[in-house]
Amino acid sequence: MNDIVRVQHDQIRVQHDQIRVQHDQVRVQSEHTLRSGGGVKWGAVPAGVTPSWVADMDFGIPEVVREAMERVIRDGQLGYPFMPDGDPLAPAFEGRMRDRYGWAPAPDRVRVFTDLIQVLQVVIEHTTRPGDAVAIHVPTYPPFVATIQRSGRVLVPLGVEDGPDGWELESDGLEERLRAAGCRLIVVVNPHNPTGRVLRRPELERLAEVARALDIPVLSDEIHADLTYEPHTHIPFASLDDDAANRTITATSATKAFNIAGLRCAVTHIGYEPLRRALTAAPLDYFGQPSTLGRVATVAAWRDGDAWLENVRAVLADNRARVAVWASGYPELVHHAPEATYLSWIGFGQTAIADRPVEAVLERGRVLLSNGAEFAAGTSVDTGAFGRINFATSPARLERILEGVHRALS
């Protein structure tokens with residue numbers, strides 16, 4: 001098997017050489033910096049274990065973001081913000097959606113929050129009642145699973161299947177099932193976490209048709225949109241047609257693509273008029289606000305950070321190819337190269353470690369993956385034989401991660 005993998009690695013060497021410049025321009029942080037810097041990805045694991053779990057990158061942040069925050073700190077401008085011309089996040093968001101995705105959001109529908117988990121909590125609270133059903137593709141981001149369940153709503157899992165051409169996310173024949181379940185909200189995670197699948201226009205349109213037939217809103221989490229790989233294209237759900245625009249709550253953030261999750265800043269576009277009314281009637285500061293540094297960093301990233309982002313995307317594309325080459329040497333694994341994100345969803349169900357793959361990789365390989373069971377906890381979907389690899393790291397660390405999984409499989 002190792003000889004096969006070595007040949008396949010040779011096949012992507014040309015690609016690696018072509019993007020060496022991008023590797024040089026992306027600063028990979030040292031392990032000492034990562035372990036001592038207060039981040040959970042490295043700080044929560046013991047020495048001798050390589051983390052490949054939580055969705056942070058090992059690449060630091062763009063210089064333009066660092067400089068923008070340093071100016072604010074140097075000038076001591078950390079008091080209550082004064083924004084006489086309105087929140088700068090709104091035009092930064094509008095410009096990015098227009099320039100990158102061809103969608104023109106309505107300025108008066110933009111609202112800011114601290115993160116997307118808070119957005120989901122707010123949307124659930126104001127568009128559904130306890131006992132109502134909320135539909136979402138499962139497996140999905142673990143805090144979304146927990147938020148739906150702990151709010152007293154019924155989570156209706158939409159299927160995610162291993163298909164011949166990649167991961168297949170259920171979109172056909174949903175209307176009657178969701179009507180019978182009492183579904184009052186559809187949550188779409190696109191690009192999808194953990195599979196990295198990018199939904200095609202027909203799939204999005206079928207989901208929009210279900211929402212229209214049931215007359216319910218859609219919350220579209222598009223936080224990974226900027227990390228979509230060619231030839232795939234991200235399509236904002238709200239851009240499908242006028243009806244979709246008027247029932248969609250779009251939620252996004254610069255945190256994933258620009259590695260600033262700790263700054264807590266999210267932006268929404270609330271097309272669903274009943275939710276806009278409810279939020280307008282709520283106390284002004286009921287939902288809080290992003291911090292000054294979160295706001296400054298997000299605006300700098302969206303307006304001036306794309307050169308850094310393109311270099312990072314090139315490194316991620318190379319690492320993505322490395323994982324695919326490695327996985328092809330293990331026919332017993334389930335793996336499809338993600339169409340977006342820096343996360344690979346891997347099935348160990350046909351291996352000797354199927355019962356406890358993440359524990360086996362940690363014990364034998366000294367590598368920590370995200371536990372697949374957490375992406376469907378408390379639902380009827382069994383993802384215990386899956387693990388998620390985070391490949392947003394240096395090629396050398398990625399080799400260490402893959403070698404650790406190999407040791408567990410051996």
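Counted from 1, the sequence shown has number 323 at position 323 by the working numbering; the numbering is strictly sequential. Every residue, glycine too, gets a C-beta built ideally from N, C-alpha and C. Nothing here was measured: the structure is a model prediction, and the numbers come from that model.
Considering residue i, what are the terminal residues of the alpha helix (DSSP H) in which it resides?
| i | result |
| --- | --- |
| Gly163 | Counting along the chain, Gly163 falls outside any alpha helix (DSSP H), though it belongs to the beta strand (DSSP E) covering Val160 to Gly163. |
| Trp308 | Asp306 to Ser328 |
| Arg184 | First-last for Arg184: Cys183 to Val189, but that is the beta strand (DSSP E), not the alpha helix (DSSP H). |
| Leu199 | It is not in any alpha helix (DSSP H) - Leu199 carries neither H nor E in the DSSP assignment. |
| Val405 | Pro395 to Leu409 |
| Leu343 | Unbroken run through Leu343 is the beta strand (DSSP E), Leu343 to Gly347; no alpha helix (DSSP H). |
| Val367 | Where Val367 is concerned, there is no enclosing alpha helix (DSSP H), although the beta strand (DSSP E) it sits in stretches over Val367 to Asn371. |
| Ala257 | Thr255 to Phe258 |
Since residue i contacts residue j with CB under 8 Å, what's their CB separation in whole angstroms?
| i | j | result |
| --- | --- | --- |
| Ser69 | Val296 | In the sequence as displayed, the identity of residue 69 is Met instead of Ser. Between Val296 and Met69 the Cβ distance is about 6 Å, and since that is below 8 Å, they are a contact. |
| His224 | Ala340 | 5 Å |
| Ile249 | Tyr272 | 6 Å |
| Asp241 | Val189 | Between Val189 and Asp241 the Cβ distance is about 21 Å, and since that is not below 8 Å, they are no contact. |
| Gly329 | Ala385 | Wrong, their Cβ atoms sit about 19 Å apart, outside the cutoff. |
| Ala377 | Pro143 | The Cβ separation is near 11 Å, so there is no contact. |
| Arg366 | Val40 | Not quite, the Cβ-Cβ distance comes to about 18 Å (not below 8 Å), so this is no contact. |
| Ala251 | Val145 | Incorrect: roughly 16 Å between the Cβ atoms, too far for contact. |
| Ile389 | Ser52 | 5 Å |
Please classify residue i as buried or exposed, where buried requires at least 16 other C-beta atoms within 10 Å of its C-beta.
| i | result |
| --- | --- |
| Asn319 | buried |
| Ala281 | exposed |
| Val21 | Here Val21 scores only 45 on pLDDT, less than 50, and its place in the model is too uncertain to base an answer on. |
| Arg277 | exposed |
| Asn246 | exposed |
| Tyr80 | exposed |
| Ala307 | exposed |
| Asp382 | exposed |
| Phe82 | exposed |
| Ala104 | exposed |
| Pro139 | buried |
| Gly347 | buried |
| Asp17 | Confidence at Asp17 is low in this model, with a pLDDT of 44, below 50, so the placement of that residue should be treated as unreliable; the coordinate-derived value is given next. Looking at its Cβ environment, which holds fewer than 16 other Cβ atoms inside 10 Å, Asp17 is exposed. |
| Arg153 | buried |
| Ala180 | exposed |
| Pro191 | buried |
| His213 | Note on residue identity: the sequence assigns Ala, not His, to residue 213. Exposed is the call here. |
| Thr233 | exposed |
| Ser380 | exposed |
| Arg66 | exposed |
Rank the options by C-alpha distance to the C-alpha of residue i and give the top, closest one.
| i | options | result |
| --- | --- | --- |
| Asp132 | Ile117, Pro139, Leu120 and Ile148 | Ile148 |
| Glu161 | Ser171, Arg153 and Gly152 | Ser171 |
| Phe258 | Arg397, Val299, Asp215 and Ala238 | Val299 |
| Ser267 | Met57, Arg74, Ala90 and Arg27 | The question names Ser, but residue 267 in the sequence shown is Val. Comparing Cα-Cα distances from Val267 to each of Met57, Arg74, Ala90 and Arg27, the minimum goes to Ala90. |
| Leu116 | Gly271, Ala254 and Pro395 | Ala254 |
| Gly288 | Ile73, Ser36, Val122 and Leu316 | Val122 |
| Leu275 | Ile61, Ala373 and Ile124 | Ile124 |
| Glu310 | Ile353, Gly378 and Glu230 | Glu230 |
| Asp58 | Leu34, Pro338, Arg366 and Thr195 | Leu34 |
| Thr114 | Pro51, Gly86, Val188 and Asp285 | Asp285 |
| Ala44 | Leu368, Tyr101 and Arg364 | Leu368 |
| Asp215 | Thr128, Thr195 and Pro142 | Thr128 |
| Thr195 | Glu363, Ser380 and Ala337 | Ala337 |
| Leu316 | Pro395, Leu174, Gly182 and Leu204 | Pro395 |
| Trp302 | Val189, Ile270, Val361 and Asp99 | Asp99 |
| Trp326 | Leu293, Ala354 and Phe391 | Phe391 |
| Thr351 | Leu343, Trp345, Ser370 and Pro331 | Pro331 |
| Pro217 | His232, Ala238, Pro202 and Arg197 | Ala238 |
| Ala55 | Ile401, Asn193, Leu409 and Glu222 | Asn193 |
| Val156 | Ile73, Leu279, Asp226 and Val187 | Val187 |
| Leu409 | Glu374, Arg356 and Gly378 | Arg356 |
| Ala47 | Val312, His335, His32 and Trp53 | His32 |
| Ile270 | Pro107, Gly387 and Glu205 | Pro107 |
| Ile353 | Ile260, Leu343, Trp345 and Arg364 | Arg364 |
| Asp304 | Arg27, Ile61, Gly37 and Gln29 | Ile61 |
| Ser151 | Pro130, Arg400, Gly294 and Asp165 | Pro130 |
| Gly37 | Gly262, Thr292 and Leu279 | Gly262 |
| Ser291 | Glu399, Leu78 and Arg74 | Leu78 |
Taking the beta strand (DSSP E) that residue i falls in, what are its first and last residues?
| i | result |
| --- | --- |
| Pro51 | Thr50 to Ser52 |
| Leu174 | From DSSP, Leu174 is part of no beta strand (DSSP E); its letter is neither H nor E. |
| Phe386 | Phe386 to Asn390 |
Check the Cβ-Cβ distances between residue i and every residue of chain C, and say whether any is below 8 Å.
| i | result |
| --- | --- |
| Arg276 | The structure shown has no chain C; it contains just one protein chain. |
Less than 7 Å separating the Cβ of residue i from some heavy atom of the ligand FMN?
| i | result |
| --- | --- |
| Phe113 | Here there are no bound small molecules, and the ligand FMN is not part of this structure. |
Complete runs of the alpha helix (DSSP H) confined to the segment 269-297 [at least 4 residues] = The qualifying runs are 273-281.
Would you list, in sequence order, the uninterrupted beta strand (DSSP E) runs of no fewer than 3 residues that lie entirely inside the segment 201-249?
-> Listed in chain order, they are 218-221.
Any alpha helix (DSSP H) of 4 or more consecutive residues that is wholly inside the segment 26-90 | If we require 4 residues or more, the alpha helix (DSSP H) runs fully inside the segment 26-90 come out as 31-36, 40-43 and 63-74.
Which ranges would you report for the beta strand (DSSP E) in the segment 81-144 if only whole runs of at least 3 residues count?
-> Unbroken beta strand (DSSP E) stretches of 3 residues or longer found wholly inside the segment 81-144: 110-113 and 133-137, given in chain order.
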